[in-house]
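Student:
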């Protein structure tokens, strides 16, 4: 951060802002006449971080349920995150989208009994997309 004093006041400049610059900044001034202070909040908008703990939670007859935890940082958005889920194996590539942190897949979605699938989840907000969560494999019973 760079600081400077101008004829119109004190300026704090933060160049190349990154998400860890997010927070509250206070400025306090005093002289022989008195004292004053102001606190401002710096909000940094960014793409979300990686969805966490992707797991297969229930494999039933002809179905598979996967879940994950939201990213630790949603990128400063006020809107719900969207998740893009990609289910693949050697014969299919199935894209899904949801705002939930759980997805149940059935034969109606194009998955098959006893086939192994790779699952990848990406979080999205209006500022960008996260890196993918570590892929997992799931096999519907």
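Numbering (this note's numbering), first residue to last: 779 to 919. Beta carbons: idealized from backbone N, C-alpha and C, even for Gly.
Nearer than 8 Å: is that true of the beta carbon of residue 867 relative to any heavy atom of the ligand ZN?
Tutor: With respect to small molecules bound, the structure shown includes none, and the ligand ZN cannot be examined in it.
Student: Quick check on the DSSP output: the beta strand (DSSP E) that includes residue 824 runs from which residue to which?
Tutor: Where residue 824 is concerned, there is no enclosing beta strand (DSSP E), given that its DSSP letter is neither H nor E.
Student: Tell me whether residue 832 is buried or exposed, calling it buried when 16 or more other Cβ atoms sit within 10 Å of its Cβ.
Tutor: buried
Student: Return the chain-ordered ranges of every beta strand (DSSP E) run that is complete within the segment 789–867 and spans a minimum of 3 residues.
Tutor: 801–808, 813–820, 830–838, 841–847, 860–866
Student: Out of 790, 863, 857, point me to the one whose CA is closest to residue 982's CA.
Tutor: The chain is shown only over 779 to 919; residue 982 falls outside these bounds and no answer can be derived.
Student: Please identify the residue among 802, 880, 806 whose C-alpha is closest to the C-alpha of residue 847.
Tutor: 880
Student: Would you call the segment 893–909 and the segment 814–830 touching, i.e. three or more CB-CB distances under 8 Å?
Tutor: yes
Student: Using DSSP bridges, identify the partner residues of residue 877.
Tutor: Its beta-bridge partners do not exist; DSSP assigns none.
Student: Alpha carbon to alpha carbon, what distance is there between residue 806 and residue 812?
Tutor: So the alpha carbons of these two residues sit roughly 11 Å apart.
Student: Please report the straight-line C-alpha distance between residue 874 and residue 913, rounded to a whole angstrom.
Tutor: Computed Cα separation, rounded: 15 Å.
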